[in-house]
Amino acid sequence: MPELPEVETTRRGIEPFLSGQTIARVNVRESRLRWPVELPDHLSGSVVKSVARRAKYILIETATGALIVHLGMSGSLRVVAPNDAPRLHDHIDIEVKHGQWLRYNDPRRFGSFHFVEHPSAQHWLLKNLGPEPLGNEFSGDYLFATSRKRKVAVKNHIMDGKVVVGVGNIYAAESLFRAGIRPSTPAYKVSRLAYRFLAEAIREILANAINVGGTTLRDFVGSDGQPGYFKQSLNVYGRQGEACNVCQAQLKLQILGQRSTVYCPTCQTFSGWKRPVC
DNA sequence: ACTGGCTCCTGAGGGC
DNA sequence: TGCCCTCAGGAGCCAG
Numbered sequence: 002m003p004e005l006p007e008v009e010t011t012r013r014g015i016e017p018f019l020s021g022q023t024i025a026r027v028n029v030r031e032s033r034l035r036w037p038v039e040l041p042d043h044l045s046g047s048v049v050k051s052v053a054r055r056a057k058y059i060l061i062e063t064a065t066g067a068l069i070v071h072l073g074m075s076g077s078l079r080v081v082a083p084n085d086a087p088r089l090h091d092h093i094d095i096e097v098k099h100g101q102w103l104r105y106n107d108p109r110r111f112g113s114f115h116f117v118e119h120p121s122a123q124h125w126l127l128k129n130l131g132p133e134p135l136g137n138e139f140s141g142d143y144l145f146a147t148s149r150k151r152k153v154a155v156k157n158h159i160m161d162g163k164v165v166v167g168v169g170n171i172y173a174a175e176s177l178f179r180a181g182i183r184p185s186t187p188a189y190k191v192s193r194l195a196y197r198f199l200a201e202a203i204r205e206i207l208a209n210a211i212n213v214g215g216t217t218l219r220d221f222v223g224s225d226g227q228p229g230y231f232k233q234s235l236n237v238y239g240r241q242g243e244a245c246n247v248c249q250a251q252l253k254l255q256i257l258g259q260r261s262t263v264y265c266p267t268c269q270t271f272s273g274w275k276r277p278v279c
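Numbering (my numbering), first residue to last: 2 to 279.
What follows is the structure, given as structure tokens:
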């Protein structure tokens, strides 16, 4: 389940392989992804100028436009040799002139491929996205300002891509734990101070995960394309019923916005002015 | 303008 | 061992 750190790790992994190279051909074996894959013929022969990222979208930018790739829930990209037989769910090959191919695999087909002519930021998938969590626009004050009239749970607020991008279910839960905030607290009830802790927690946790992912980059090419740093220590996600790492209280499960949410009932009580001890 | 619920899909995991 | 059932999850879409 690629979250932002995995997408960024993927981007870093494929960038040196694609940048400056000419796309020889794009072979779509299965076009039924989240939206039908329709790519223009003129992709063949274009030179890749850069491999960028916006939210969880990977932007492969060429002279004539940009390929917008989303990994969905189960998508991955890996570099393979041309004679490498496609495996189950290997849906798309991007054949690069220097020999090796970039291969997209996605069992659940929640991912997507689009091509858009410049400027890609105006594409309908990208134009309504909120700021990057690791960028300068994002801060506790920003979260506070955007939440004043919002009654949704604070967890749903930070998972809303129009508010801030790249905070998925796992990192939302972990950030709220780090900040000591109860996930179900209505967004408008969370204080400016609490949002400052939360924004800092989001930045630290995402940045750390990207760093950890970076250490596995050497295994990226030729592997299964999974960054594989997922075993990183999680304090709450997936740990319902277990003991809190900080206070030993039993972690609780709550469904918020159709998403499982685990939190510590003791540590996560902060929404106002005084942060709890643990 | 907001909000919650639905949807796509497959594989993992639990129960028997 | 094997089958069946349930559920997870990103994010756009739509109805209320």
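Each residue gets a CB set at the ideal place from its N, CA and C atoms; glycine is no exception.
In this text, all values refer to a predicted model and were calculated from it rather than measured experimentally.
Could you give the C-beta distance for residue 70 and residue 19, rounded to a whole number, given that I count them as a contact under 8 angstroms?
Not really, about 11 angstroms apart at Cβ, beyond 8 angstroms.
Using the C-alpha atoms, what's the distance from residue 39 back to residue 116?
Cα to Cα, residue 116 sits roughly 8 angstroms from residue 39.
Determine the DSSP secondary structure at residue 8, reduced to helix, strand or coil.
In this structure, residue 8 counts as helix in the three-state DSSP scheme.
For residue 113 and residue 239, what's the separation of their Cα atoms in angstroms?
Approximately 27 angstroms between the Cα atoms of the pair.
I'd like the span of the beta strand (DSSP E) that includes residue 94, first residue to last.
Here the beta strand (DSSP E) through residue 94 covers 91-97.
Going by DSSP, which residues form a beta bridge with residue 260?
257, per the DSSP bridge assignment.
Can you say whether residue 57 is buried or exposed, counting buried as having 16 or more other CB atoms within 10 angstroms of its CB?
Residue 57 should be labelled buried.
Taking residue 157 as part of the alpha helix (DSSP H), name the residues at either end of that continuous run.
155-160 is the extent of the alpha helix (DSSP H) around residue 157.
Check for me: the alpha helix (DSSP H) holding residue 178 runs from which residue to which?
Per DSSP, residue 178 belongs to the alpha helix (DSSP H) from 170-180.
Which of helix, strand or coil does DSSP assign to residue 43?
Correct three-state label for residue 43: helix.
Using alpha carbons as the reference points, say which of 251, 139, 105 lies closest to residue 162.
Cα-wise, what sits closest to residue 162 is 139.
Would you identify the three-state DSSP class for residue 197, choosing helix, strand or coil?
The answer is helix: DSSP assigns residue 197 an H, G or I state.
Ignoring anything shorter than 3 residues, give me the beta strand (DSSP E) runs that lie fully in the segment 47-95, in order along the chain.
Qualifying beta strand (DSSP E) stretches, in chain order: 49-55, 58-63, 67-71, 77-81.
Using the beta-carbon count (16 or more within 10 Å), is residue 42 buried or exposed?
Per the 10 Å Cβ criterion, exposed.
With 16 other CB atoms within 10 Å as the buried threshold, where does residue 137 fall?
With fewer than 16 other Cβ atoms within 10 Å, it is exposed.
For residue 244, which residues does DSSP report across the bridge?
Answer is 251.
Closer than 8 angstroms by C-beta to residue 132: which residues in its own chain qualify, once you throw out the five before and the five after it? Chain order, please.
Only 138, 139, 143, 165, 166 meet the Cβ criterion.
Measure how close the beta-carbons of residue 47 and residue 24 come, nearest whole angstrom, since I'm counting them as under 8 angstroms.
With 8 angstroms as the limit, residue 47 and residue 24 qualify as a contact, their Cβ atoms being about 5 angstroms apart.
Who are the Cβ neighbours of residue 223 in its own chain at under 8 angstroms, not counting the five residues just before and after it?
Confidence in residue 223 is poor, its pLDDT being 41 and thus under 50, which makes the residue's placement too unreliable to answer from.
For residue 129, which of helix, strand or coil comes out of DSSP?
Note: residue 129 maps to coil in three-state DSSP.
Cutting at 6 angstroms between CB atoms, please list the residues of its own chain near residue 267, excluding the five before and the five after it.
Contacts found: 248, 250.
Could you check which residue in 110, 109, 95 has the C-alpha nearest to that of residue 103?
Answer by Cα proximity: 95.
Mind checking which residues open and close the alpha helix (DSSP H) that includes residue 146?
Taken as a continuous stretch (DSSP letters only), the alpha helix (DSSP H) holding residue 146 covers 141-147.
Which whole-angstrom value describes the C-beta separation of residue 202 and residue 154, a residue pair presumed to lie in contact below a C-beta threshold of 8 angstroms?
No, residue 202 and residue 154 are not in contact; Cβ-Cβ is about 16 angstroms, not under 8 angstroms.
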